[in-house]
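Asks: First residue of the sequence shown? That's 214 in the working numbering, and the numbers climb one at a time after it.
Note that the Cβ used here is the ideal one computed from N, Cα and C, for glycine as well.
Let me begin by handing over the structure; questions about it come next.
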Amino acid sequence: MDQTLLRDDAWADLRGEVAKLCAQFPGEYWRKLDAERGYPTEFVAALTEAGYLAALIPEEYGGAGLPLSGAAAILEEIQRQGCNGAACHAQMYIMGTILRHGSPEQKKKYLPEIAAGRLRLQAFGVTEPTSGTDTTSLRTTAKKEGDRYIVNGQKVWTSRAEHSDLMLLLARTTPRDQVSKKTEGLSTFIVDMKEVLGKGLTIRPIRTMMNHNSCEVFFDNMEIPAGNLVGVEGKGFRYILDGMNAERILIAAECIGDAKWFTDKSVAYAKDRRVFNRPIGQNQGVQFPISRAYAQWRAAELMVKDACEKFEAGINCGAEANMAKMLAAEASWAAAEACVQTHGGFGFAEEYDIERKFRETRLYQVAPISTNLVLSYIAEHVLGMPRSY
Ligand SMILES: Cc1cc2nc3c(=O)[nH]c(=O)nc-3n(C[C@H](O)[C@H](O)[C@H](O)COP(=O)(O)OP(=O)(O)OC[C@H]3O[C@@H](n4cnc5c(N)ncnc54)[C@H](O)[C@@H]3O)c2cc1C
Numbered sequence: 214m215d216q217t218l219l220r221d222d223a224w225a226d227l228r229g230e231v232a233k234l235c236a237q238f239p240g241e242y243w244r245k246l247d248a249e250r251g252y253p254t255e256f257v258a259a260l261t262e263a264g265y266l267a268a269l270i271p272e273e274y275g276g277a278g279l280p281l282s283g284a285a286a287i288l289e290e291i292q293r294q295g296c297n298g299a300a301c302h303a304q305m306y307i308m309g310t311i312l313r314h315g316s317p318e319q320k321k322k323y324l325p326e327i328a329a330g331r332l333r334l335q336a337f338g339v340t341e342p343t344s345g346t347d348t349t350s351l352r353t354t355a356k357k358e359g360d361r362y363i364v365n366g367q368k369v370w371t372s373r374a375e376h377s378d379l380m381l382l383l384a385r386t387t388p389r390d391q392v393s394k395k396t397e398g399l400s401t402f403i404v405d406m407k408e409v410l411g412k413g414l415t416i417r418p419i420r421t422m423m424n425h426n427s428c429e430v431f432f433d434n435m436e437i438p439a440g441n442l443v444g445v446e447g448k449g450f451r452y453i454l455d456g457m458n459a460e461r462i463l464i465a466a467e468c469i470g471d472a473k474w475f476t477d478k479s480v481a482y483a484k485d486r487r488v489f490n491r492p493i494g495q496n497q498g499v500q501f502p503i504s505r506a507y508a509q510w511r512a513a514e515l516m517v518k519d520a521c522e523k524f525e526a527g528i529n530c531g532a533e534a535n536m537a538k539m540l541a542a543e544a545s546w547a548a549a550e551a552c553v554q555t556h557g558g559f560g561f562a563e564e565y566d567i568e569r570k571f572r573e574t575r576l577y578q579v580a581p582i583s584t585n586l587v588l589s590y591i592a593e594h595v596l597g598m599p600r601s602y
């Protein structure tokens, strides 16, 4: 039997359960939060309680121990139901760094607490205002002094920093001019933000075009116990890269969920809305953008599945994860655009949720990696063309 069909069947129950949970959080819930830029605390608590945010944590640490395709099914379904997993999706993949590279003590200390929902690992401090996409040029430093590291610098776009207990931080431990490769000398730390908030750590929210709870964070002689270094000092960039394929695949799955939501809305409205004494969906000018977006997300969905299969088989899936993220983000945007256009003026009315989802799904062509950077990855690492940067 077709393996793809088998796997889809395997997650049908899971998707059904996620959809039931999401039904408790209808459009009004998200609209209200969107207006106040509030955090969906109740939604995140319900997902945590149901164990969904611990999907990828192995059973021995109290998680569900699902493969990546299970986590992808959860996030896709959340988006498909009109909810927004961005409030908590990072917890699913950030913990992978601790799982793969953390010490036995760190795993024992943090993973069961995260799985139980007593600790939130939602903040991921990589991007900085000056370095942007050029991660290895980051300027935040961590200097070892006795049994502590002293951190100075700044991050930007650290999403959910106000709603997380822990942050996974990337900082430079050896100056760039003292390492042979710029990817060396960066280290990864677990920051217990409650311990240092107001004592070297300042968090400042950034108001964005969608409700994303993103922040700037400032480190001013912030102290971290040396035991919170993850893995080997100087190897942190490698650890962050290791987690990126999972992140890209999961974000791609969210985009597929968004695309399905937009398409469902478009089709329903196109059949129902009558203008000139006939459904607007009878006009090919209305049908075609919806059909095109449908074809786009169906193709992107296949790439997400391929990337998941390779990831789960332990095969390098850098190309597929990047392509899945790019194609799914473009497909969700095409579906969003068609949905607004199909709804005419009502596409702009808040109560339809379309303009909210339209704003939300736009992000994924920029974060966690922008389209240009995916294209440059394909050009250089897949097609073997000369490096451009
Ligand atoms: C809402 C939101 C949430 C985010 N959450 C997080 C988070 O939780 N943690 C975190 O660490 N980061 C986060 N980010 C940051 C995100 O990953 C970056 O915004 C993204 O990687 C792009 O970096 P930048 O904004 O610095 O753009 P820049 O690097 O300044 O790039 C600007 C533009 O130039 C293009 N560009 C740059 N260099 C090249 C090149 N060599 N060739 C072609 N084009 C190029 C880019 O593609 C982009 O379109 C978030 C961002 C947003 C907006």
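When burial is assigned at 16 or more other CB atoms within 10 Å of the CB, is His594 buried or exposed?
Replies: One-based indexing of the sequence shown puts residue 594 at position 381. Exposed, because fewer than 16 other Cβ atoms sit within 10 Å of the Cβ of His594.
Asks: Would the segment 479-488 count as touching the segment 319-327 if we require 3 or more Cβ pairs under 8 Å?
Replies: As far as the Cβ criterion goes, the segment 479-488 does not touch the segment 319-327, which means the pair count is below three.
Asks: Considering Met536, what are the terminal residues of the alpha helix (DSSP H) in which it resides?
Replies: By 1-based counting over the sequence shown, the position of residue 536 is 323. Run containing Met536: 531-555, per the alpha helix (DSSP H) assignment.
Asks: Have a look at His556 and Pro492 and give me their C-alpha separation to the nearest angstrom.
Replies: Residue 556 sits at position 343 when you count from the first residue of the sequence shown. Residue 492 sits at position 279 when you count from the first residue of the sequence shown. Taking the straight line from one Cα to the other gives about 12 Å.
Asks: Any heavy atom of ligand 1 closer than 7 Å to the beta-carbon of Asn297?
Replies: On the sequence shown, position 84 is the one that residue 297 refers to. Not so, every heavy atom of ligand 1 lies at least 7 Å from the Cβ.
Asks: Kindly indicate which residue of Leu269, Ala285, Glu358, Leu351 has the alpha-carbon position closest to the one of Arg461.
Replies: Working through the sequence shown from its first residue, we reach residue 461 at position 248. The residue with the shortest Cα to Cα distance from Arg461 is Ala285.
Asks: What three-state label does DSSP hand Asp519 in the structure shown?
Replies: By one-based count along the sequence shown, residue 519 stands at place 306. Here Asp519 sits in helix by DSSP.
Asks: Compute the distance between the beta-carbons of Phe337 and Leu381, then report whether it is under 8 Å.
Replies: Your numbering for residue 337 matches position 124 in the sequence shown. Your numbering for residue 381 matches position 168 in the sequence shown. Yes, they are a contact pair.
Asks: Run through DSSP, which three-state label would Gly338 get?
Replies: The residue you call residue 338 lines up with position 125 of the sequence shown. In this structure, Gly338 counts as strand in the three-state DSSP scheme.
Asks: Once DSSP output is grouped into helix, strand and coil, what is the label at Ile462?
Replies: Taking the sequence shown and counting its residues from 1, the one referred to as residue 462 is at position 249. If DSSP states are grouped into helix, strand and coil, Ile462 belongs with the helices.
Asks: Beta carbon of Phe431: closer than 7 Å to some heavy atom of ligand 1?
Replies: Counting from 1 along the sequence shown, the entry for residue 431 is found at position 218. Not so, every heavy atom of ligand 1 lies at least 7 Å from the Cβ.
Asks: Taking the beta strand (DSSP E) that Leu381 belongs to, which residues open and close that run?
Replies: Walking along the sequence shown from the start, residue 381 turns up at place 168. 379-385 is the extent of the beta strand (DSSP E) around Leu381.
Asks: Pull up the DSSP beta-bridge partners for Gly366, would you.
Replies: Working through the sequence shown from its first residue, we reach residue 366 at position 153. Paired residue(s): Phe432.
Asks: For the candidate residues Trp243, Gly447, Ala223, Cys235, whose alpha-carbon lies nearest to that of Tyr565?
Replies: Sequence index remark: in the sequence shown, residue 565 carries index 352 (1-based). Among Trp243, Gly447, Ala223, Cys235, the Cα nearest to that of Tyr565 is on Trp243.
Asks: Entirely within the segment 315-361 and at least 4 residues each: give me those alpha helix (DSSP H) ranges in chain order.
Replies: Complete alpha helix (DSSP H) runs here, min 4: 317-329.
Asks: For ligand 1, any of its heavy atoms closer than 7 Å to the Cβ of Asn424?
Replies: Looking up residue 424 in the sequence shown gives position 211. No, ligand 1 has no heavy atom inside 7 Å of this Cβ.
Asks: What residues match up with Leu410 in a beta bridge as DSSP calls it?
Replies: Stepping through the sequence shown from its first residue, residue 410 is reached at position 197. For Leu410, which the question treats as bridged, DSSP gives the partners Leu414.
Asks: On the three-pair Cβ rule with 8 Å, is the segment 462-469 touching the segment 412-423?
Replies: Touching, no.
Asks: Could you spell out where the beta strand (DSSP E) holding Ser282 opens and where it closes?
Replies: Here the question's residue 282 lines up with position 69 in the sequence shown. Looking at the DSSP string, Ser282 is not in any beta strand (DSSP E); the run it does join, the alpha helix (DSSP H), is 281-293.
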